[in-house]
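Chemist:
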Amino acid sequence: MKKLASCVTLISALNIGAAQAAETQACVSAEQANAIFTYILPVIFDAAGSKCSPYLDENAALLQQNSQSYQKYSIASEQAWPTAKHGIKIMFDEKMPESMDVDAMRPFLDGLVSAMVNDGIKPKSCTTISEAYTLLEPLPPANVGGLIGLFMKLGTDREKKPPIIICENTEK
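Start counting the sequence shown at 5; every next residue gets the next number (this note's numbering).
Rendered as structure tokens:
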């Protein structure tokens, strides 16, 4: 459970700049939040793998980006994007120019999340992150995204705004 919590903590680091925006940030449905997490998983795993590669055995699952297991996250990411981008639009609606297409922000979001994950990982955490990835690897990507959303809802400190605010009801 500690390993799973470490992975969730790592993934929560992807707050996508929400710390500044949280005051006025709109909520997204659980489905949209799960899609956002599912969409961003390959970016997180790539960044974690890059940062941790000097500290892990070359056969660690986290470093096997050409494996079938790893590729399923890329496929799920593409499938999750339409729902994820709707959630992202809701989150940043007031902060985005009307003419800006969320699709145009995608490379920026990927780069931002990658940099945040890279900056947030300490070398001593790499083994734990690798173990967490190995535990999560057999799960369908949508389930991993859903678990992250669930843990975020369960672990929300009422005094701190979470990176993504999930609506209490699902009518979004």
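Heads up, the beta-carbon is just placed ideally off N, CA and C, and yes, glycines get one too.
1) Give me the residue from Ala39, Pro167 and Lys76 with the minimum Cα distance to Met120.
2) If Ala64 sits next to Ser129, beta carbons under 8 Å apart, how far is it from one beta carbon to the other, in whole angstroms?
3) Taking the alpha-carbon positions, what's the Lys93 to Lys99 distance?
4) Just the C-alpha distance for Leu143 and Asp105, rounded to the nearest angstrom, thanks.
5) What are the start and end residues of the alpha helix (DSSP H) that includes Asn122?
6) With H, G and I counted as helix, E and B as strand and the rest as coil, what does DSSP make of Ala26?
7) From what residue to what residue does the alpha helix (DSSP H) around Gln75 run?
8) Quick check on this structure: which residue in Asp114, Gly91, His90 and Ile125 has the alpha carbon closest to the alpha carbon of Ala52?
9) To the nearest angstrom, how far is the alpha carbon of Gln72 from that of Leu66?
10) For Ile170, which residues does DSSP report across the bridge?
11) With a CB to CB cut of under 7 Å and the five nearest residues on each side skipped, what residues in its chain are close to Leu154?
12) So, Val32 versus Ile152, is the Cβ gap smaller than 9 Å?
13) Assuming Lys179 is part of the alpha helix (DSSP H), what are its boundary residues?
14) Check Leu66 in the structure and name its three-state DSSP category.
Modeler: The structure says:
1) Pro167
2) Incorrect: roughly 14 Å between the Cβ atoms, too far for contact.
3) 9 Å
4) 32 Å
5) Val106 to Gly124
6) At Ala26, the pLDDT of 46 sits below 50, so the modelled position is not reliable and the matter cannot be decided from this model.
7) Gln75 -> alpha helix (DSSP H) spans Gln72 to Phe96.
8) Nearest option by C-alpha distance: Ile125.
9) 12 Å
10) Val32
11) Result list for Leu154: empty, nothing under 7 Å.
12) Going by C-beta atoms, Val32 is not nearer than 9 Å to Ile152.
13) No statement about residue 179 is possible, as the shown extent of the chain runs from 5 to 176 and does not include it.
14) Reduced to three states, the DSSP call for Leu66 is helix.
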